[in-house]
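> Residue numbers for the sequence shown follow this note's numbering, so the first one is 77 and each next one is one higher. Ideal placement from N, C-alpha and C gives every residue a C-beta, glycine not left out.
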Amino acid sequence: MEANKKNTNKKSMLIVMLVFTLLGIVFALQFRSVAHTQKTQNEKTSAEILQYQKTIEELEKKINDNKETKEALETRYDSEMDYLYNNEKQFYELYKKYETDIAQYRFNAGLTTVSGSGIDIGLDDAPTRYELTPGLLVHDIYLNEIINTLRLAGAQAISVNGERIVSMSETLCVGPSIRINNTKLFAPYHIQAIGDPQELMAAFKTSSIYSIMIKENLIVDPVIKDNITIKKYSKSYLSSIDKLSDIGE
Numbered sequence: 077m078e079a080n081k082k083n084t085n086k087k088s089m090l091i092v093m094l095v096f097t098l099l100g101i102v103f104a105l106q107f108r109s110v111a112h113t114q115k116t117q118n119e120k121t122s123a124e125i126l127q128y129q130k131t132i133e134e135l136e137k138k139i140n141d142n143k144e145t146k147e148a149l150e151t152r153y154d155s156e157m158d159y160l161y162n163n164e165k166q167f168y169e170l171y172k173k174y175e176t177d178i179a180q181y182r183f184n185a186g187l188t189t190v191s192g193s194g195i196d197i198g199l200d201d202a203p204t205r206y207e208l209t210p211g212l213l214v215h216d217i218y219l220n221e222i223i224n225t226l227r228l229a230g231a232q233a234i235s236v237n238g239e240r241i242v243s244m245s246e247t248l249c250v251g252p253s254i255r256i257n258n259t260k261l262f263a264p265y266h267i268q269a270i271g272d273p274q275e276l277m278a279a280f281k282t283s284s285i286y287s288i289m290i291k292e293n294l295i296v297d298p299v300i301k302d303n304i305t306i307k308k309y310s311k312s313y314l315s316s317i318d319k320l321s322d323i324g325e
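Shown next, in the form of C-alpha cells:
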C-alpha cells in the first residue's frame, strides 16, 4: 500500500515537471518569435528611414539646382531687358504701354486697393421685440438691392464688411450668415461705396429697399465719409472662369 502511494506521488511529480518543461519551451518559442518579429520590424523601419533621408537629400539637391537655375535666368532676364531698354526704343515704349494697360486692367477689375469719398451704410438685424418674437433679419436680397442701387448711382468701388464687390462676387444667405466671395459674413454689416457722396446718399434714401428696411425695423445707419479705403479683391478670378473657352470675336 505504501509502495503504491510512493509510486503515485512520483508519477504526479513527473507530470508536473513535464508540464513546466513544456510551458518553458512554449514561452521560449513565443519570446523568440516576438524578438524575431521586433527585429524584422526594426530593420524595416531603419530601411524606410534611410530611404526617406535619401529622398530628402535628392529633393534638397533639386531645390538648390533650381535655385541656381532661377538666379541665372533672372540675371539673364535683367541683362537682356537692360539691353532692350537702352538700345530698342520701340520695344521699351511697347513694354511700358503693356505695363500701363495691365495696371489699368487690375484697377478696373478691383484688384487694387482704392480710396476716396463716399458713404458707409451700417446695417443690422431688427432688435427682438418680445421673447418669443425675434426681430427680422438682414437677408442677401437686401444687400443685393443696396449694391445695385449704389452701382446705378455711380459707385466706383463697393465692399461689404471688407469684401470687395466685383463682377464675380456672389451674395447668398447661409443660415445666420451671408456669403460673399465665398466668405461667411455676419451682422452687423457695413456697406462702403466710393463715389459722389451726395448722389449715393440720395439714391439710397429714396430707394425702395431703404423704405422696406425701415418698415421692418432693421437698423440702418448711412453716413457720408470724406475718406473711405476699400481693399482689393483678394480671391482668384481663375476658379470663377475655368469653364469658359475663348472663341474670339
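From this set, Leu199, Ile217, Ser191, which residue's C-alpha is nearest glycine 271's C-alpha?
Glycine 271 has its Cα closest to that of Ser191, out of Leu199, Ile217, Ser191.
> Do you know offhand how far threonine 209's Cα is from alanine 202's?
In this prediction, threonine 209 has a pLDDT of 46, which is less than 50 and means its spatial position is unreliable; what the coordinates show is noted afterwards. Using only the alpha carbons, I get a separation of about 11 Å.
> Could you tell me the alpha carbon to alpha carbon distance between glutamate 156 and glutamate 144, rounded to whole angstroms?
If I take the Cα positions, the gap works out to 18 Å.
> Of the choices Ser245, Gly251, Asn162, whose alpha-carbon is the least far from that of asparagine 257?
For asparagine 257, the nearest C-alpha among the options comes from Ser245.
> Distance check for glycine 194 and isoleucine 295, CA to CA, integer angstroms please.
Cα to Cα, the separation comes out at about 20 Å.
> With a threshold of 16 other CB atoms inside 10 Å of the CB of serine 327, please say whether the residue is buried or exposed.
Absent from the structure is residue 327, since the part of the chain shown begins at 77 and ends at 325.
> Buried or exposed, going by whether 16 or more other CB atoms sit within 10 Å of the CB of alanine 148?
Label assigned to alanine 148: exposed.
> Tell me the DSSP bridge mates of glutamine 268?
According to DSSP, glutamine 268 bridges with Asp196, Ser235.
> Determine which residues share a DSSP beta bridge with valine 214 and list them.
DSSP output for valine 214 lists no bridge partner at all.
> Could you check which residue in Lys291, Thr188, Gln274, Gly251 has the C-alpha nearest to that of isoleucine 241?
Out of Lys291, Thr188, Gln274, Gly251, Thr188 has the C-alpha closest to the C-alpha of isoleucine 241.
> The alpha helix (DSSP H) that contains asparagine 317, what's its start and end?
It should be noted that the sequence gives isoleucine, not asparagine, for residue 317. Looking at the DSSP string, the run of the alpha helix (DSSP H) that includes isoleucine 317 is 314-317.
> At a cut of 8 Å, does the stretch 224-232 reach the stretch 279-287 through at least three beta carbon pairs?
Verdict: yes, contact present.
> From Ser243, Glu124, Ala229, Ser122, pick the residue whose C-alpha is nearest to that of serine 312; which is it?
Among Ser243, Glu124, Ala229, Ser122, the Cα nearest to that of serine 312 is on Ser243.
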